[in-house]
C-alpha cells in the first residue's frame, strides 16, 4: 500500500490527499503549493514518505493540528497573506473543526463513490475530535471551548451557512451521547457545555432591545430545535428556560425564552424604562406615524421569528412538544393574577403586578400563540375541530388526556353547574388545535384584555393632564406649567408605547380573524339541538366539525351542556377587541365583512339568552360589543360596511328583542348591581336603539313588540316590551332625580365658595370640600348624560308606540314623572339648579324641557294620559304648562309652544270632567277601596295566596318589577289573579247609582239658573236717557 501511496501515478491517493488538504487546510508536503496556503504538519510528515495524506494518517494529523499553539508558524507559503489565511491558521479548536465540517459539506460529484466515502469518514473524524475537545477541554490550555461554539455564530458572515452550523452542533451532541456510557451521563456533559453558553445568551438578551438584539443570538438558539432526529438539545434549552415549580409569573418573563418574548415597544420591566417616543409631545403626527410604522416592522419580524422558533420545538413532537406546552400552561397559570380586578385597576406598583409578567411579555406571548393558531382561521377553519369540553378536565386526568393548562376546571363558564353532583362532558383526548385555541384565548385575556383596560385608563389620565396643563398655562404661563409639561411628556410617551403595541397591524389582523373563527365556533355549538352535540361519545369528542346554516330566532331543541365548559373570557376577549377597534377606527374591522357578520350573529345568539349565558353582566358586555359595530358619526353620511350590517344582515330584526331582553335582565337578576354599573351597561343599549330608530324596518319592529305586549299584557311572563318600558321609566325617574339633587348641592357649595366661606376653614376641610365638590360634579355629570339618553329614548318610543304608555299599569307613572321634572325645570324653584359651568356637568335643562314637552305632545291624543296628568297631586297645577310656555318661549320652542298650550287646555277640560265624576263618587265604602292605593277599584281581582282583593292596574304595575304577592311575598304572576266578579258588580252598581244621583242633582240646580236666564233675556230693553 505504501508503494501505491508513494507513486505519483496513483490517482486515488492524490485525490484523497487533495480532498483532505482542501477540508483540513493541512499538508505533509513541505514544498509550497501554487494558489494554496496550508499548515505544514512537520512532525506527522517525518513518518510519512511521499508527503501524501490518507485517512489513517489524518487521524493523527488532525489531533496534532488541534493542539498547535500557533499554526501560523507552520504556514506554507508564509510570505503572503490571503483572505483565507485566517481560516488556515485558526487557533481556536472548535472554530477550526467547524470550518473543516463546513468545507467537508461541499457536494461531491455524482458517481464519485470514493469522494463520498472519504467525505463520510472525514465528517466522523471531525465530530470525534469536537466531542473530545468538549469532553476533555483540559487538553487545550487557555481555550474556552463553550465560548468557541458561540463564536461560530458570532463570526458568521452569512445566514446561508445556518443549516451547516446547526448540523455541526447537533451532530457533535449526538457524538457526545454516543461516547457516553449512558443517556444520563450524556445529558450531564452537554448541560456542562451548554449551560454557560445559555447564561451568556441571557446576558445578551437582557441588554437587547426590539431593534438592537445581537445578530448571533437567534441563529444560535435556533440550533436547539433544528434536528428532529436529535431532540436532546431541545430538552436542554427547555429545562434551562423553565422556572422551578410554583414560581411566580414574573419568573417566566425573566427566563431565557421569556426575555426573547419581552422584546417589545413596551418596556421589558414593569417600571420601565420606556425607550421610544421620548419627544412625542413636540413631534408632529407625521413623524410619530412614521416612527410607529418602523417599530411595527421590527415587531412583525420579531414575532414571526419567535413563532418559527416556538413552532420548531412543537414540530419535534413527543416529550419536547409536551414540555413546551407545559411551559406555556404553567406560565399562563402563574400569570393569572395579571387579569384580576385589583391588578387591572391599579397602578404598576401594586404587589400583584410586580410578581407577574410585564405587558411586553404578555402581549408578545399572545402574538406568538396567535400565529400558531393560523390553521384555525379561514380558509382552513380548523377551529371546527376544537373540543369545547377542554376546560372541564379535572387536574388528575389532564396528563392522560393531553391537557397542559392548569386550573381550567375552575374557570367561570358561560353556564354554571346546577349542583355539586352534576358532572361536565369530557373527551378522552384533546388535540393540539384545541389546546392552542384555549391557550391563545387565555394569553389574550392576560395580555391584550388587561392592556386594553390600562389603555383606556391611560387615555383618561392623559386627557386630564392636558386639561390641567392648558389651564395652568393660561393662568400662570409656561414656567408655572413646566412640571405639568414634564408629567404630560412622560404620560404621552407611555400612552404611545401602549397604543402602538396594541395596534401592530399584522397581529391586529390575526386577532380579528381569530375572533371571527371563535364566533363561528360558538355559533355552531349554540345553534344546534343539544342532543346532536351532547350525545357524541368521548372518544370522538364534542367539536362541531362542520358549518351549518343558522336561522334566528333559534328553534333548536335545548341548550348543549358544552356551554358549561366554555370559559367566559372568550366572550370578554371579543368584546374588548371590538371596543378598542372602534376607539381607533380599526380598518381591519371596518372592511372585514365576513368577520363582522360572524361576530354579529354570535352576539345576537348570546346577548339576549340567559339560557346560553347565565351571567347578565356578560350579556350586557355583548351589547357593548354590538354598539362597537355601529357606524361612526363620520360614516353615517354615506355607505359603510358597518351600516350595511344593521340593514342587510339576515338576522338584523333580532337585534331589538335581544337588546330588550338583556336590558331587562340587568334589573331582574336578583344580584346586587350597583346603580352606576347598571346604567353604564344600558348606555350602549340606548345608543343602539337611537341608531336603529332611524331605520324604518327596525322602528316597525318596536311597534310589533308593542302590539304583542298589549295582547299578552296579563300573561304569566310579562311581555318583554312592557317590562322594558317600566324599567325605562324607573331609570328616568332615578337619574333625573339624582341629577337635580346633586346640582342643588353643587349650587349651594359653589355659593359658599364664592362667598369666601371656605377661606375661613382649616386647610384639610377646604381640601375635603374641594374633593366633595368634584365628586358631586362627577355624579351629576354621569346622571345627566344617562338621564338625557333615557329621556331621548322615551321621546322616540312615545312618538310611535303610544298604547303601551297609556295602559292603566303605566299611564299614572308616566304622567307623574313628566310633571315632576317639568315643574322642577320650569317652575319657581328652577333657580335651585342654576350652577356655574353647566357644560362641565353635561347639564342642558333647555334640551331636557324640549324632550319632555315632545313626550306630552306625543301622547296628547290619549285621554287616559291627559287625565293622569291632571290627577297627579304632587306636581300638577294649572300653572304647570304656563311655566313651560314661558321657558319654551325663552329657549326657542317654536311650534311646540302652541302645541303645549293646546295640550294644557285639553288637560283642563278632562280635569273638569273628572272633578264632576269624583264629586259623584265621593266617600265610597272601604271594601271598594284598593288596599295599596286607597283609590276606588274599577276592576277588582283576588290575589291567589293572600286572598286580598286589589285593583287590576295596581297589581299589574307592581308585578312589572316584583313577581310576588305584595302582602305575603309568595310568587305571583298576572295570569294567576282572579276577577272578583261579585265585588265588581257591587262597585259598578254603586258607581251607576252615584253618577245618576249626581247627574240629577246637577240637572236640578241647572233648572233655576236656566229659568233666570230666560227671564232676563225676555225682559224689555230699558230705553232710559242714560243708554241713548
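In full-length UniProt numbering, the protein residues as written are 1 to 1028. Backbone N, C-alpha and C define an ideal beta-carbon position, used for all residues, glycine too. For clarity, every value in this text was computed on a predicted model and none was experimentally measured.
| Check | Outcome |
| --- | --- |
| Among all the DSSP beta bridges, which residues are the ones paired with residue 40? | 27 |
| Within its chain, find whatever has a CB closer than 8 Å to the CB of residue 382; leave out the 5 residues flanking it on each side and keep chain order. | 375, 376, 433 |
| Would you call the CB atoms of residue 92 and residue 148 closer than 8 Å? | yes |
| Within 8 Å, do at least three Cβ pairs link the segment 496-508 to the segment 455-465? | yes |
| Identify the continuous beta strand (DSSP E) that holds residue 951 and give its terminal residues. | 949-951 |
| Rounded to whole angstroms, how far is the Cβ of residue 737 from the Cβ of residue 679, which I believe are closer than 8 Å? | Between residue 679 and residue 737 the Cβ distance is about 13 Å, and since that is not below 8 Å, they are no contact. |
| To which residues does DSSP link residue 413 through a beta bridge? | 567 |
| Return helix, strand or coil for residue 330, following the three-state DSSP convention. | helix |
| For the segment 791-805 against the segment 855-866, are there 3 or more C-beta pairs whose distance is under 8 Å? | yes |
| What is the residue span of the beta strand (DSSP E) that residue 942 lies within? | 940-942 |
| Need the endpoints of the alpha helix (DSSP H) that residue 607 sits in, please. | 593-607 |
| Hey, how far is the Cα of residue 307 from the Cα of residue 549? | 35 Å |
| According to DSSP, simplified to helix, strand and coil, what is residue 121? | helix |
| Here's the rule I'm using: 16 or more other beta-carbon atoms within 10 Å means buried, otherwise exposed. How should residue 178 be labelled? | exposed |
| Can you list, in chain order, the residues of its chain whose CB lies under 7 Å from that of residue 876, leaving out five sequence neighbours each side? | 819, 869, 870 |
| When the distance is taken between beta carbons, is residue 866 closer than 8 Å to residue 916? | no |
| Residue range of the alpha helix (DSSP H) that residue 737 falls in? | 720-754 |
| Flag this pair as touching only if the segment 468-478 and the segment 243-260 have three or more C-beta atom pairs under 8 Å; answer yes or no. | no |
| Using the beta-carbon count (16 or more within 10 Å), is residue 1002 buried or exposed? | exposed |
| Taking just the CA atoms, how far does residue 780 sit from residue 648? | 39 Å |
| Comparing alpha-carbon positions, which option in 34, 36, 52 lies nearest residue 42? | 52 |
| What three-state label does DSSP hand residue 978 in the structure shown? | strand |
| Spatial neighbours of residue 25 within its chain, please: CB distance less than 7 Å, with the 5 preceding and 5 following residues excluded, ordered by chain position. | 38, 39, 87, 88 |
| Report yes or no: do three or more beta-carbon pairs, one from the segment 832-845 and one from the segment 746-756, lie closer than 8 Å? | yes |
| Express the C-alpha separation of residue 270 and residue 354 in angstroms, rounding to a whole number. | 7 Å |
| May I ask you to report which of helix, strand or coil DSSP gives residue 671? | A caution first: residue 671 carries a pLDDT of 47, below 50, which makes its placement in the model unreliable, though a value can still be read off. DSSP places residue 671 in coil when its eight states are reduced to three. |
| Compare the beta carbon distance of residue 431 and residue 363 with 8 Å and say whether it is the shorter of the two. | no |
| Using DSSP with H/G/I as helix, E/B as strand and the rest coil, what is residue 657? | helix |
| How would you call residue 201, buried or exposed, if buried means at least 16 neighbouring beta carbons within 10 angstroms? | buried |
| Cβ of residue 591 within 8 Å of Cβ of residue 641? | yes |
| Based on the DSSP secondary-structure assignment, which residues constitute the bridge partners of residue 76? | 38 |
| Where residue 714 and residue 597 are concerned, what is the direct C-alpha to C-alpha distance, given to the nearest angstrom? | 37 Å |
| State the beta-bridge partners of residue 964 as determined by DSSP. | 971 |
| Find out if the Cβ-Cβ distance for the pair residue 162, residue 219 is shorter than 8 Å. | yes |
| Alpha carbons only, please: which of 754, 180, 503 is nearest the one belonging to residue 587? | 503 |
| Considering only the beta carbon of each residue, do residue 411 and residue 394 sit closer than 8 Å? | no |
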